[in-house]
Amino acid sequence: GLLNYQKLKKALQKKKIDTDVGMEGGFAPNNLDDYQAFTILKECLPINTEYAIDVGGSYLKQNKEYDLENLIKDFKIISIEDPFSENDFKNWRNFFNKFSKNHLIVGDDLVVTNIERLKKALSPKVINAVIVKPNQIGTVSETLEFVKMARKNKLAIIVSHRSGETNDPFIADLAVAIKADFVKFGGMARGERIAKYNRLLEI
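Under the working numbering, the first residue of the sequence shown carries the number 4, and numbering increases by one thereafter.
Shown next as structure tokens:
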């Protein structure tokens with residue numbers, strides 16, 4: 004984690020690419036397209052590195068073209084979050100049918116840690132993994148009910164931070180308590196991100 008983060012920073016600096024950090028602790032260089040960004044990652048990280056991407060399909064302009072399938076094919080992308088808008092169930096279904104055998108198809112904006120939204124994403128099934136954000140639904144009890152339903156339907160659980168975070172490390176405790184498959188706490192920078200990783204190590 005941290006070593007790769009530092010290695011990536013040096014690679015960007017060597018190419019004279021800015022290393023400004025975004026709200027979630029990741030590097031946010033200007034004027035890099037997806038292929039350029041992944042090419043840099045591929046050059047400087049271990050050859051067996053696998054990638055997870057958050058497409059943010061809900062925020063893409065309508066009719067904007069993006070070559071997601073070739074990106075997945077050309078790089079070791081094993082997890083794809085929100086490839087389409089939360090209301091575009093036709094494309095979600097087609098994408099799930101094509102990629103779910105060997106990839107995680109992750110719902111975040113699609114389900115928003117909400118049981119009713121989750122039911123809709125399961126009938127027909129368009130995801131095999133979910134993002135869990137307690138403050139997205141509002142209470143711990145509702146979060147646990149959501150996790151229970153996700154587990155019942157054999158979905159992978161990813162406990163995640165939010166963009167506007169605090170130093171409260173509770174989600175690290177939650178991830179351990181529910182035996183989450185993965186966590187998503189952001190880049191190895193900014194105190195509110197590091198607090199979660201430190202708590203995970205402490206547990």
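Quick reminder that beta carbons are idealized off the backbone N, C-alpha and C, glycines included.
Quiz item: How many angstroms separate the CA atom of residue 188 from the CA atom of residue 176?
Solution: Here the question's residue 188 lines up with position 185 in the sequence shown. Here the question's residue 176 lines up with position 173 in the sequence shown. Looking at the two C-alpha atoms, the distance is approximately 13 Å.
Quiz item: What does a CB cutoff of less than 8 Å around residue 54 pick up in its chain, not counting 5 residues either side in sequence?
Solution: Residue mapping note: residue 54 aligns to position 51 of the sequence shown, counting from 1. Hits under 8 Å: 41, 44, 78, 79, 80, 81 and 82.
Exercise. Could you name the residues of the same chain whose beta carbon sits closer than 7 Å to that of residue 170, not counting the 5 residues immediately before and after it, in chain order?
Key: Along the sequence shown, read from residue 1 onward, the residue named residue 170 stands at position 167. For residue 170, where only same-chain residues beyond five positions count, the Cβ hits under 7 Å are 194, 195 and 198.
Exercise. Return the first residue and the last residue of the beta strand (DSSP E) that residue 187 is part of.
Key: Against the sequence shown, residue 187 aligns to sequence position 184. Element bounds for residue 187: 185-187.
Quiz item: In three-state DSSP terms, what is residue 182?
Solution: The sequence position of residue 182 within the sequence shown is 179, counting from 1. Residue 182 falls in the coil class under three-state DSSP.
Exercise. Could you tell me whether the Cβ atoms of residue 144 and residue 26 are closer together than 8 Å?
Key: Residue mapping note: residue 144 aligns to position 141 of the sequence shown, counting from 1. Residue mapping note: residue 26 aligns to position 23 of the sequence shown, counting from 1. Against a cut-off of 8 Å, the Cβ pair of residue 26 and residue 144 comes out as no contact.
Quiz prompt | Coil, strand or helix - residue 57 by DSSP | solution = Stepping through the sequence shown from its first residue, residue 57 is reached at position 54. Three-state DSSP puts residue 57 in a strand.
Quiz item: Under a Cβ-count criterion, where at least 16 other Cβ atoms within 10 Å of its own Cβ denotes burial, should residue 68 be classed as buried or exposed?
Solution: Translated into positions along the sequence shown, residue 68 becomes position 65. Only weak support is given to the placement of residue 68: the predicted model assigns it a pLDDT of 46, under 50, and the value that follows is read from those uncertain coordinates. Looking at its Cβ environment, which holds fewer than 16 other Cβ atoms inside 10 Å, residue 68 is exposed.
Quiz prompt | Buried versus exposed call for residue 94 [16 or more other C-beta atoms within 10 Å across all chains shown] | solution = Within the sequence shown, residue 94 is the residue found at index 91, counting from 1. Classification for residue 94: exposed.
Practice problem: Closer than 7 Å by C-beta to residue 179: which residues in its own chain qualify, once you throw out the five before and the five after it? Chain order, please. | Solution: Here residue 179 refers to the residue found at position 176 of the sequence shown. Hits under 7 Å: 206.
Quiz item: Which residues share a DSSP beta bridge with residue 206?
Solution: What you label residue 206 is simply residue 203 of the sequence shown in a count that begins at 1. Residue 206 pairs with nothing; no bridge assigned.
Quiz item: Which stretch, first to last residue, makes up the beta strand (DSSP E) that contains residue 162?
Solution: Along the sequence shown, read from residue 1 onward, the residue named residue 162 stands at position 159. Element bounds for residue 162: 159-163.
Practice problem: Determine, using beta carbons only, whether residue 108 and residue 134 come nearer to each other than 8 Å. | Solution: Here residue 108 corresponds to residue number 105 of the sequence shown, with the count starting at 1. Here residue 134 corresponds to residue number 131 of the sequence shown, with the count starting at 1. No, the Cβ-Cβ distance between residue 108 and residue 134 is not below 8 Å.
Self-check item: Buried or exposed (CB count within 10 angstroms, at least 16 for buried), residue 84
Solution: On the sequence shown, position 81 is the one that residue 84 refers to. It counts as buried.
Quiz item: Roughly how many angstroms separate the alpha carbons of residue 191 and residue 121, rounded to a whole number?
Solution: To locate residue 191, count along the sequence shown from 1; it is residue 188. To locate residue 121, count along the sequence shown from 1; it is residue 118. Each residue's alpha carbon lies about 31 Å from the other.
Quiz prompt | Nonlocal neighbours in the same chain, by C-beta distance under 6 Å from residue 164, ignoring five residues either side | solution = Here the question's residue 164 lines up with position 161 in the sequence shown. Excluding positions up to five away in sequence, the list reads 188 and 189.
Quiz item: So, helix, strand or coil for residue 67, using DSSP?
Solution: If you number the sequence shown from 1, residue 67 lands on position 64. Because the pLDDT at residue 67 is just 47, under 50, the model does not fix this residue reliably, and the point stays unresolved.
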